[in-house]
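Residue numbers (full-length UniProt numbering), protein chains in the order written: chain H, 1 to 472; chain S, 1 to 472; chain F, 1 to 472.
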C-alpha cells in the first residue's frame with residue numbers, strides 16, 4: 001500500500017485513516033462446522049471475529065485470524081452474537097442473559113427433524129434471554145454455502161425477528177456477505193424458517209406417489225397379460241421379457257398418463273370458470289393442490305419418457321431381438337417366399353417413430369424451460385407460450401405416437417387376452433379426454449367467453465347468467 | 001411469544017414493544033388476480049393490507065387478514081397505493097385525485113398487446129392524478145411470481161418514476177418481498193417496461209425464420225431429388241421415406257449450416273477489424289444484429305442436431321430397414337458369395353459415427369454452458385474459451401463427420417440426379433468457408449495483428465496503414 | 001432531488017419539476033469497449049456520463065448522450081471517475097492527481113495474464129493518485145454483461161477499497177445498474193479480484209488431468225490387448241475397431257472409475273472421523289482437495305457415460321456389425337442348425353442393458369441437480385439426499401451393469417490375453433471397494449457412531465476412547 005509513505009496528506013485527507021478502517025467485531029458462539037464456516041466468511045468480508053467457547057484454550061480449530069474467548073468475554077466484546085450451537089446446549093445462555101442484554105442474537109440453529117420441540121429454537125432462545133434481540137437467520141444455508149459465499153449456491157437469506165433494528169443489523173451483515181435478504185416478519189415465523197431446511201421435496205410427494213402407483217399397477221397388469229398369460233396358456237417361460245420389453249411398455253404408458261394429468265387440471269379449471277362465469281371463486285382444494293404440482297408431474301413424465309427412449313433405442317442390440325431377427329430371416333429363406341415391402345406398414349412405422357421423436361424433442365424443450373434459470377430469463381408471455389401451446393403440442397404428438405403404435409390392434413380380438421385391453425389403450429384414455437376437451441375450449445364461441453372471463457375483472461354480476469347458458 | 005408475559009421489563013428494554021412492531025399499511029386498488037397475489041405476498045412479508053373496492057361488501061375474495069374499504073377510505077389510510085386494475089377502468093381515479101395527492105401510486109398494470117394506447121398506462125395514470133407520485137413497478141412479474149415470491153422465479157423488479165423518494169419507497173417494499181430492484185429512470189421508461197411482458201422471443205425471430213426457411217428449402221430440394229426423381233424415373237413410390245429418411249437428411253443439413261452461421265459473423269468481424277486496422281469503428285448493422293442472435297442460432301442448431309441423433313438411432317428398428325437387411329442377407333445367401341469385410345469401409349463408417357458422436361457431445365456441452373445459471377458461474381475467460389475454442393472444435397468435428405458421410409460420393413455422377421448436387425454438399429459450403437477463414441486468421445502473422453487490434457486502444461492512428469497492408 | 005429546493009411548489013404540483021430530476025454525473029476515462037459499454041449502461045440507468053479523452057475531438061465513438069472532454073475537465077466535473085483504460089496507460093493519471101484529489105476512482109481494469117505486474121492495478125493506481133479514493137470494482141464482469149445488464153449474466157459485482165464511503169458510492173451505482181455487490185474488504189484484495197477473470201477452470205484441472213490420464217492408460221492397455229495382440233498372434237488387422245469398439249470400452253471404464261472416485265473421499269473421510277472419534281480435526285490436505293473437486297469428477301464421469309451411451313446405441317448401424325450379423329445368419333443357415341433361445345443369456349443381456357439405462361438415468365438426474373440454478377432451488381437436505389443417496393444408487397447400478405457385462409468372463413482363461421485381465425475388471429476395483437466400504441459404514445453400530453460424531457459438537461473429550469474402540 002502506498003499511503004503509508006505519504007504522511008503529510010494524512011492530516012488533510014481522511015484517506016490515510018480510511019486505508020485501515022476499523023472492522024466491526026462480531027461474536028460467534030460455537031466452534032462447530034457452522035460456526036467455523038460462518039466465521040471464515042465473516043473474516044473474508046472484512047469483519048473481526050471472536051469466538052465464545054466454554055473452554056477457550058482447548059476448543060476445536062477456529063479460522064485463522066479469529067480470537068477465542070470465554071463466552072462472557074466474547075459476548076461483552078460485540079453487539080451481534082451468532083448462536084451456532086445446538087439447541088440442546090442453549091441452557092448456559094440463560095446464565096449469560098445479563099451479558100446478552102440488548103445484544104442482537106442471531107439464531108442459526110436447525111433441528112434434526114420437524115416438531116422435535118414444542119417451540120422454535122429461536123423462540124426458546126428469546127425465552128432464555130428475554131432482554132436480547134433475537135433474530136432467526138442464515139439457518140437455511142448449508143455450511144458449504146456459508147463458507148463459499150453465495151455465488152454458486154443459494155443467495156437468499158430468510159430472517160425474522162421482533163426488533164426491526166436488530167433485523168436491519170443482520171441484513172447489513174448478510175448483504176455484505178453477498179446474500180440477499182428476505183424478511184419473513186416477526187419471530188413467530190421462526191418455526192417455518194426452521195422447518196425449511198428439513199423439508200424433503202414436499203411438492204414432489206404427490207406426483208411421486210402417483211408415478212409409483214401407476215408404475216406398480218401397469219407392471220402387474222402387463223405382467224399378467226404378457227408373462228403369466230403366456231405361461232398359463234402356452235407353458236412358455238418368457239419372464240426374461242420383464243427387464244426390457246415389459247419395462248418399455250410400463251414407462252411410456254406412465255409417462256403419457258402423467259403428461260396428460262399435467263394438462264387436465266388446466267382444462268378442468270377452464271370448465272369451472274366457464275360454468276361459474278367468473279374467475280374469482282376459488283377452485284376446490286383438490287384442484288388447487290393438483291395445479292400446484294403440475295411442474296413436478298411433467299418432469300416425472302419426462303423422466304419416464306427419457307427411460308422409454310433409451311429402452312427403445314437399445315432394442316436392436318438385445319440378444320433376444322437379434323435371435324428373433326436371425327430366426328425370421330432363416331425362416332423366410334427356407335420358405336423361399338419373397339415378401340414385398342408393404343408401403344403402408346413403412347409409412348405407419350416411420351410416422352410412429354417420427355411422432356415419438358418430435359414429441360420427445362418438445363418434451364425435452366419443456367423440461368429445459370422448467371429449469372429455474374431458464375424460466376427466469378423468459379418473460380411471462382414466453383413462458384406461458386412454451387408451457388401451454390408447446391405443451392399441448394407435445395401431448396398431441398405423444399398421443400398420436402401411441403395411436404400409431406396401436407393402429408388397428410384394437411380391432412383384433414387376439415389382443416384382448418383374458419378379456420383385458422392392451423396397456424396402451426388404457427394409457428390413451430386420459431390424454432384423449434384432455435385433447436378433446438381442449439379442442440372444445442378452443443371453439444371460437446367458448447374461447448371468447450373464456451378469454452373474457454379471464455380478463456374481465458367485473459364478471460361477477462348476476463346478469464352473467466347469459467354467459468353460463470353458453471356451456472350448460 | 002414469551003415477552004408479552006413480562007410487562008415489567010418493557011419499560012426498561014424496548015424489546016417488549018419491538019415484539020409487535022406496527023406493520024406498515026399498504027393499499028391495493030383492485031381485487032383481481034394480481035391484486036390478490038400481491039396482497040397475499042405483502043401480508044406474508046409483514047405488511048398490513050387494505051383493499052379499495054367500488055363495492056366493498058360484495059367484491060371478490062381477498063387474502064385472509066386484509067381489509068376491504070371504499071376506494072376513498074383505502075386511499076386515505078395508506079401512503080402507498082398499488083393500482084392493480086386494468087387501464088380501461090382508470091377513469092374513476094381522476095375523481096380520487098384529491099385523496100391520492102402526494103401518495104405513491106404503483107402502477108402494476110399491463111396491456112394485452114403493444115401500442116394499444118398512445119401513452120403508457122403509468123403516464124396516463126400520472127395525467128389523471130397529477131399530484132400523486134406515480135411509479136411503474138412489478139408489472140414484469142407474473143401473478144404467480146408475485147404470490148410465490150422470488151425464490152423460484154424472476155427476482156428482478158424493474159421500476160421507473162419521476163420522484164426519487166417514491167421510487168425509494170417502492171424499492172424498500174420490493175426488497176422486503178425478496179426482489180432485487182433495477183431503476184430504469186424516469187416515468188418515460190414506463191412504455192418500455194410495459195412492453196417487456198408482451199415480448200415473445202424477440203431475439204429468436206431471425207434464427208427461427210432462418211431455420212424454417214432452410215428446412216423448407218432443403219425439404220423440397222431433397223423431396224424432388226429423392227422421392228419425385230425416383231417416381232419420375234422408376235415409377236416407384238418411396239414417399240414413405242419422407243417421415244424418417246428425408247427428415248434425417250434435412251435436420252443435419254440445417255443444423256450444420258446454422259452452426260456455421262453462428263461462427264461466420266465472428267470471422268467476418270475479424271476480417272473487418274483487420275481491414276480497418278481498428279476495432280473502434282462500428283460494424284455494419286446487419287453484422288451487429290447477426291452477432292446478437294448467435295446464441296439463438298446455436299441453440300436451434302443444437303435442437304436440429306438432437307433430432308438428427310434420435311432419427312439416426314432409430315434406424316435399425318425401422319420396418320423398412322429390417323426388411324432391407326433381411327432381403328440383402330437372403331440375397332447374399334442365394335448368390336452364395338462370401339463378401340470379405342472391407343477394412344476401409346469399416347474405418348470410414350466407424351470414424352464417421354465417432355466424429356458425429358464427439359461433435360454432438362461437444363455441442364451438448366456448448367448448450368449446457370449457454371444455460372444462464374451455468375454461464376453466470378463461469379468467468380469471462382472460461383466462457384469465451386468454451387464458446388469460441390470448443391465451438392470451433394465442434395464445428396470441425398461436425399464438418400468432418402459430414403465429409404466422411406460424403407466420402408467419394410462427389411466423384412460419382414449417379415449422385416447428381418437431375419444435375420443437382422446431393423444435399424450434404426450444399427450443407428458443407430458455409431462450414432468449410434468458416435473453417436478455412438478461421439485457419440487463415442490463426443496464421444501467426446494475421447493472429448498477431450488481430451490480437452494487437454483487439455487489445456490496442458490506440459490503433460486508430462493514421463500510421464496504421466502498414467497494418468492494413470498485411471491483409472489487403 | 002428537486003423537492004427540497006422548491007417548498008412552495010410542493011403544495012401545488014411538485015411533479016412537473018420531479019419529472020426531470022437532475023441526474024448524477026459520472027466520469028469515464030477511456031473510450032474502449034469497456035468504457036463504452038459501461039457508459040451506455042450508466043446512461044440507460046439515468047446517469048449523465050462524461051468521457052475523458054486525450055484528444056476529445058478525435059476519440060473513438062461514445063454512446064449517444066455522453067459528452068467528451070479533456071481528462072482534466074472531465075475529472076473536475078464528476079465526483080466518481082471510472083478508469084476504463086489499460087494499466088500501461090495509467091502514467092498520465094499521476095499528473096492528474098490534483099484534479100483527482102478526493103474523487104472516487106473506480107479501477108475496472110484487468111490484465112492479460114496473472115502476475116504480470118508486482119502490484120495490483122488498483123494498488124498501482126492508488127500509488128499514482130494517493131489522495132484519491134480508489135475502489136476496485138466491475139472488473140469481473142464482461143463488457144457484454146456491463147452493456148446488457150445483469151438479467152442474463154452474472155449479477156454479482158465484487159469490490160474492494162480502503163474508503164468505506166467510496167465503496168458505498170460505488171455500491172449505490174452498481175445497485176442502480178441492477179447488480180448485487182459483494183464487498184471483499186480493503187484494497188489489498190484487488191489482486192485477488194484482478195486474478196478472478198483470468199482463471200480458467202481451476203477446480204477442473206485435477207479431474208481433467210485424471211480423466212486424460214485414465215483415458216490414455218486404458219486406451220493403450222486395450223489397444224495392446226485387442227488390436228496388437230490380434231495382430232501379433234493372428235496377423236489380422238482389426239485396427240478399424242479403434243474408432244468405436246475401443247472407444248466404447250475406454251469411455252465406460254473411465255466413467256465408472258471417476259464416478260467411484262467421487263464417492264471414495266466421502267467414505268475415506270468417514271473412516272478418518274470414526275478412527276479419530278471427532279470431526280473437528282482437519283482432514284489431510286490431499287483429502288480436502290479431493291473432496292473439493294468431487295462435483296467436477298462427477299460431471300466428467302457423466303460426460304464419459306454420455307459418450308458411452310451414444311457409442312453403444314450406434315452399434316447396430318455400424319457397417320462392421322451389420323456385416324457380422326449377416327455373416328452369422330448365413331453361417332447358421334448353412335449349418336442348418338436351429339439354436340434355441342437361451343433364457344439365461346436373454347435375462348442376463350436384458351438385465352445388463354436395464355441396469356445401464358437406470359444407472360444412466362440417475363446419472364443424468366445427478367447432473368441436472370448439479371446445475372447451479374437447480375441446486376439453489378433445493379433445500380440442503382434435498383441436495384444431500386440426491387447427491388448422496390441417489391449417488392450411491394447410481395454407483396451401484398453402474399457397477400452391477402459392469403458385473404453383468406463381465407458375467408463369467410473372469411473364469412475363462414482365454415480372456416487373459418498376455419496374462420492381463422480384461423479392462424472391465426480393472427474398472428471394477430475402485431467402485432467395488434467404495435460400495436463395500438459404504439456398506440460397512442451403513443452397519444447399524446458403525447452408522448450410529450458416525451452419526452453421533454457428525455452431530456456431536458463435544459466429542460473431543462478424552463473419554464471418547466470407548467468410541468474409537470468400536471472400530472479399531
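Quick reminder that beta carbons are idealized off the backbone N, C-alpha and C, glycines included.
| Item | Value |
| --- | --- |
| Straight-line Cα distance separating residue 378 (chain H) from residue 127 (chain S) | 32 Å |
| CB of residue 362 (chain F) within 8 Å of CB of residue 397 (chain F), strictly | yes |
| Between the CA atoms of residue 121 (chain H) and residue 27 (chain H) - distance to the nearest angstrom | 19 Å |
| Residues bridged to residue 67 (chain F) (per DSSP) | F:50 |
| Close beta carbons around residue 304 (chain H), own chain, < 6 Å, minus the five adjacent residues each side | 251, 254 and 255 |
| Chain-ordered residues of the region 240-274 of chain F with a beta carbon less than 9 Å from chain S | 240, 241, 242, 243, 244, 245 and 247 |
| Residue 15 (chain F) (DSSP reduced to helix, strand or coil) | In this predicted model, residue 15 (chain F) has a pLDDT of only 36, less than 50, meaning its place in the structure is not dependable enough to derive any value. |
| The region 390-408 of chain H contacting the region 205-213 of chain H, beta-carbon criterion three pairs below 8 Å | no |
| Proximity to residue 68 (chain F) [Cα-Cα], best of F:77, F:269 and F:52 | F:52 |
| Within 8 Å of chain S by C-beta, residues of the region 295-321 of chain F in sequence order | 303, 306, 307, 310, 311, 313, 314, 316, 317, 318, 319 and 320 |
| Beta-carbon spacing of residue 528 (chain F), residue 395 (chain F) below 8 Å | Coverage of chain F is limited to positions 1 through 472, which leaves residue 528 (chain F) absent and any answer about it impossible. |
| Start-to-end residues for the alpha helix (DSSP H) that takes in residue 180 (chain F) | Residue 180 (chain F) -> not in any alpha helix (DSSP H); beta strand (DSSP E) instead, spanning 180-183. |
| Where the region 81-108 of chain S meets chain H: residues whose CB sits under 8 Å from a CB there | 85, 86 and 89 |
| Any alpha helix (DSSP H) of 4 or more consecutive residues that is wholly inside the region 168-245 of chain F | 190-195, 205-222 and 229-234 |
| Beta-carbon proximity list for residue 301 (chain H), same chain, < 6 Å, skipping 5 on both sides | 255, 258 and 259 |
| Below-8 Å beta-carbon distance, residue 332 (chain S) vs any chain F residue | yes |
| Whole-number beta carbon distance between residue 159 (chain F) and residue 184 (chain F), since they are thought to touch under 8 Å | 7 Å |
| Per-residue contacts from residue 323 (chain S) into chain A (C-beta, under 7 Å) | The chain labelled as chain A is not found among the protein chains of the depicted structure, namely H, S and F. |
| Residue 262 (chain F): first and last residue of the uninterrupted alpha helix (DSSP H) it sits in | 247-276 |
| Sufficient close CB pairs (3 or more, under 8 Å) joining the region 241-249 of chain F to the region 329-344 of chain F | no |
| Same chain only: Cβ atoms within 7 Å of residue 355 (chain H), ignoring 5 sequence neighbours per side | 397, 400, 401 and 404 |
| Extent of the continuous alpha helix (DSSP H) to which residue 124 (chain H) belongs | 121-128 |
| Range covered by the beta strand (DSSP E) that runs through residue 298 (chain H) | Residue 298 (chain H) -> not in any beta strand (DSSP E); alpha helix (DSSP H) instead, spanning 294-313. |
| Meets three-Cβ-pair contact criterion under 8 Å: the region 172-181 of chain S and the region 169-183 of chain H | yes |
| Proximity to residue 93 (chain F) [Cα-Cα], best of F:124, F:79 and F:282 | F:124 |
| Euclidean distance between Cα positions of residue 314 (chain H) and residue 410 (chain H) | 27 Å |
| Alpha carbon of residue 110 (chain S) to alpha carbon of residue 195 (chain S), nearest angstrom | 8 Å |
| Chain S within 8 Å of residue 201 (chain F), Cβ atoms only | yes |
| For residue 103 (chain F), the nearest candidate out of F:85, F:91 and F:25 (CA to CA) | F:25 |
| Check whether residue 35 (chain F) and residue 84 (chain F) have beta carbons under 8 Å apart | yes |
| Residues that DSSP places opposite residue 28 (chain S) in a beta bridge | S:51 and S:82 |
| Nearest-angstrom Cα separation, counted from residue 387 (chain H) out to residue 87 (chain H) | 45 Å |
| Contact set between residue 356 (chain H) and chain F, taken where Cβ atoms lie within less than 8 Å | Those within 8 Å of residue 356 (chain H) in chain F number zero; the least Cβ separation is about 15 Å. |
| Residue-chain proximity (residue 414 (chain H), chain F), Cβ-Cβ < 8 Å | no |
| Nonlocal neighbours in the same chain, by C-beta distance under 8 Å from residue 423 (chain F), ignoring five residues either side | 218, 221, 222, 225, 249, 250 and 253 |
| Contacting positions in the region 180-200 of chain H - beta carbon closer than 9 Å to chain S | 180, 181, 182, 183, 184, 185, 186, 187, 188 and 189 |
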